[in-house]
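Q:
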Amino acid sequence: MDNYMKLELPSKSQNEAFARIVVAAFAAQADPTLDEISDVKTAVSEAVTNAVIHGYENKSGTIVVSATLQGRKLEVTVIDYGVGIEDLEQARMPLYTSKPELERSGMGFTIMENFMDECDVISEPGKGTTVRMVKIFGKKEPAEA
Amino acid sequence: MEVKFVRVGSTLIVRMAGELDHHAAEILRTKIDAKLKREGVRDLLFDFQKVQFMDSSGLGMVLGRYKLVSAQGGKVLACGLNPRVKRIFEMAGLQKRIIICRSEEEALREHRGEKDG
Ligand SMILES: Nc1ncnc2c1ncn2[C@@H]1O[C@H](COP(=O)(O)OP(=O)(O)O)[C@@H](O)[C@H]1O
Ligand SMILES: [Mg+2]
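Chains H and Z are the protein sequences, given in the same order. For the first sequence, the working numbering gives the first residue as 1, with consecutive numbering after it. For the second sequence, the working numbering gives the first residue as 146, with consecutive numbering after it.
So, in structure tokens, the structure goes:
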């Protein structure tokens with residue numbers, strides 16, 4: 001079963017829930033567990049929220065969310081054309097945030113890394129940021145099996 | 146996200162229902178801060194029993210309230226965390242600052258015990 005989807009939406013905080021629900025619904029065809037779906041929802045929420053808050057700094061811009069399924073491998077990409085990230089290593093450190101005044105926790109990338117099997121970030125200052133994440137469903141045996 | 150406030154003694158209980166993401170956290174923190182000011186309470190108890198989803202924006206909102214409340218000598222408690230919400234709390238080390246309890250009853254009891262002792 002190979003499939004793909006692509007979603008383009010303005011950087012509004014209302015769209016964070018919409019984006020994660022769309023990706024979760026798309027991923028459902030690969031028969032993930034409830035926990036796996038929650039992992040994906042949380043990771044997508046983090047990436048889209050970062051595009052809204054950091055990428056576009058709460059101003060208007062376009063976010064592109066796309067996903068592919070190859071068998072039970074889900075790949076999700078979240079793209080913004082915003083400010084970009086100067087220091088990726090620092091950005092990915094647990095508890096690091098460049099916006100403490102907005103009550104950010106600095107745990108977004110840590111959650112994406114923990115909840116997904118892969119998480120790569122490509123970013124260029126002034127051009128934007130792409131977050132690519134992979135989740136392979138069925139890696140852990142279900143408890144009752 | 147829906148929210149209800151209940152005051153028990155010097156504690157403000159925040160009963161949340163729904164998904165606590167960035168969008169919801171922004172609205173919720175404004176409501177909580179207004180309520181804290183108006184009610185003049187000391188402590189804050191977050192009831193997560195009906196929260197099915199939380200991401201790192203929820204953590205930021207809870208930590209922000211912790212800073213406000215603890216600066217005034219109050220405590221912040223949280224109860225009813227599902228295993229996922231609990232895992233996210235612990236990833237950020239929130240259990241070092243926020244008192245985590247099973248239920249509202251336990252939170253209020255524990256807390257009263259601490260005050261008397
Ligand atoms: N899409 C993005 N565009 C620009 N900067 C970003 C983006 N995503 C993340 N960042 C940077 O990486 C930091 C860490 O992100 P994250 O771990 O999600 O924490 P938080 O969102 O709480 O700040 C952010 O504070 C920001 O500086
Ligand atoms: Mg973030």
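Where a beta carbon is used, it is the ideal one built from N, C-alpha and C, also for glycine.
1) Can you say whether lysine 6/H is buried or exposed, counting buried as having 16 or more other CB atoms within 10 angstroms of its CB?
2) Can you list, in chain order, the residues of its chain whose CB lies under 8 Å from that of alanine 24/H, leaving out five sequence neighbours each side?
3) Measuring from each Cβ to the nearest heavy atom of ligand 2, keep the ones under 5 Å and list them in chain order.
4) Could you name the residues that DSSP lists as bridge partners for proline 10/H?
5) Between Gln29/H, Pro125/H and Ala30/H, which has its C-alpha nearest isoleucine 85/H's C-alpha?
6) Given this structure, state the Cα-to-Cα distance separating lysine 260/Z from threonine 77/H, to the nearest angstrom.
7) Starting from the C-beta of alanine 145/H, find all residues in its chain whose C-beta is less than 7 Å away, skip the five residues before and the five after it, and write them out in chain order.
8) Say the cut is 7 Å; is the CB of tyrosine 81/H nearer than that to a heavy atom of ligand 1?
9) Determine whether the beta carbon atoms of glutamate 16/H and valine 65/H lie at a separation below 8 Å.
10) Would you say the beta carbon of serine 13/H is closer than 7 Å to some non-hydrogen atom of ligand 1?
11) Can you pull the chain Z neighbours of glutamate 57/H, defined as C-beta to C-beta under 9 Å?
12) Which residues in the same chain have their Cβ closer than 6 Å to the Cβ of phenylalanine 191/Z, if we skip the five residues on either side of it in sequence?
13) Would you say isoleucine 233/Z lies against chain H (beta-carbon separation less than 8 Å)?
14) Hey, is leucine 157/Z's beta-carbon within less than 8 Å of any beta-carbon in chain H?
15) Decide if the region 127 to 136 of chain H is in contact with the region 99 to 106 of chain H; the criterion is three or more beta carbon pairs, one per stretch, under 8 Å apart.
16) Which chain H residues are close to serine 202/Z, counting only those with a beta carbon under 7 Å from its beta carbon?
17) Is leucine 157/Z near leucine 181/Z, with beta carbons less than 8 Å apart?
18) If glycine 55/H sits next to threonine 129/H, beta carbons under 8 Å apart, how far is it from one beta carbon to the other, in whole angstroms?
19) Am I right that histidine 167/Z and serine 11/H are in contact with their C-beta atoms under 8 Å? What's the rounded C-beta distance?
20) Along the beta strand (DSSP E) that carries glutamine 194/Z, what are the first and last residues, could you check?
21) Along chain H, which residues have their Cβ under 8 Å away from the Cβ of aspartate 178/Z?
22) Taking 7 Å as the line, does the beta carbon of isoleucine 110/H fall inside it for any heavy atom of ligand 1?
23) Counting pairs of Cβ atoms below 8 Å between the region 184 to 200 of chain Z and the region 28 to 37 of chain H, do you hit three or more?
24) Indicate whether glutamine 197/Z and glutamate 164/Z have their beta-carbon atoms separated by less than 8 Å.
25) Is DSSP giving methionine 161/Z helix, strand or coil here?
26) Return yes when the C-beta of glutamate 171/Z is under 7 Å from any heavy atom of ligand 1, and no when it is not.
27) For glutamate 75/H, which residues from the same chain have a beta carbon less than 6 Å from its beta carbon, with the 5 sequence-adjacent residues on both sides left out?
28) Under 7 Å: does the beta carbon of alanine 91/H sit that close to some heavy atom of ligand 1?
A: So, from the data block:
1) Counting Cβ neighbours within 10 Å, lysine 6/H comes out exposed, since fewer than 16 surround it.
2) For alanine 24/H, where only same-chain residues beyond five positions count, the Cβ hits under 8 Å are Ile37, Val40, Lys41 and Val44.
3) Residues close to ligand 2 by the beta carbon criterion (under 5 Å to any non-hydrogen atom) are, from first to last along the chain, Asn50/H and Gly108/H.
4) In the DSSP output, where bridge partners are listed per residue, proline 10/H has Thr62/H.
5) When each option's Cα is compared against that of isoleucine 85/H, the closest is Pro125/H.
6) Reliability fails at lysine 260/Z, whose pLDDT of 49 lies under 50, so the model's placement of it is uncertain and no value is given.
7) Interpretation of alanine 145/H is limited by its pLDDT of 46, a score under 50 that renders its predicted location unreliable; no figure is taken from the coordinates.
8) Taken from the Cβ of tyrosine 81/H, every heavy atom of ligand 1 lies 7 Å or farther away.
9) Going by C-beta atoms, glutamate 16/H is not nearer than 8 Å to valine 65/H.
10) Every heavy atom of ligand 1 is 7 Å or more from the Cβ of serine 13/H, so no.
11) Neighbours of glutamate 57/H across chain Z, judged by C-beta separation under 9 Å, do not exist; the nearest C-beta is about 13 Å away.
12) Cβ within range, chain order: Val159 and Ala223.
13) True, the Cβ-Cβ gap to chain H drops below 8 Å.
14) Chain H contact via Cβ: absent.
15) No, the region 127 to 136 of chain H is not in contact with the region 99 to 106 of chain H.
16) Near serine 202/Z (Cβ distances below 7 Å), the residues of chain H are Thr49.
17) In this structure, leucine 157/Z places its C-beta atom within 8 Å of the C-beta atom of leucine 181/Z.
18) Contact annotation, glycine 55/H with threonine 129/H: C-beta distance approximately 6 Å; criterion of less than 8 Å satisfied.
19) No, histidine 167/Z and serine 11/H are not in contact; Cβ-Cβ is about 11 Å, not under 8 Å.
20) For glutamine 194/Z, the enclosing beta strand (DSSP E) begins and ends at 188 to 199.
21) The contacting residues do not exist; aspartate 178/Z stays about 11 Å from chain H at best.
22) The sequence given here has threonine at residue 110/H, not isoleucine. Answer for threonine 110/H: yes, Cβ within range of ligand 1.
23) Cβ pair count under 8 Å is below three, so no.
24) Going by C-beta atoms, glutamine 197/Z is nearer than 8 Å to glutamate 164/Z.
25) Here methionine 161/Z carries a strand assignment [DSSP, helix/strand/coil].
26) Closer than 7 Å to some heavy atom of ligand 1: that does not describe the Cβ of glutamate 171/Z.
27) So the list reads Thr68 and Val134, once near-sequence residues are dropped.
28) Result yes, Cβ under 7 Å from ligand 1.
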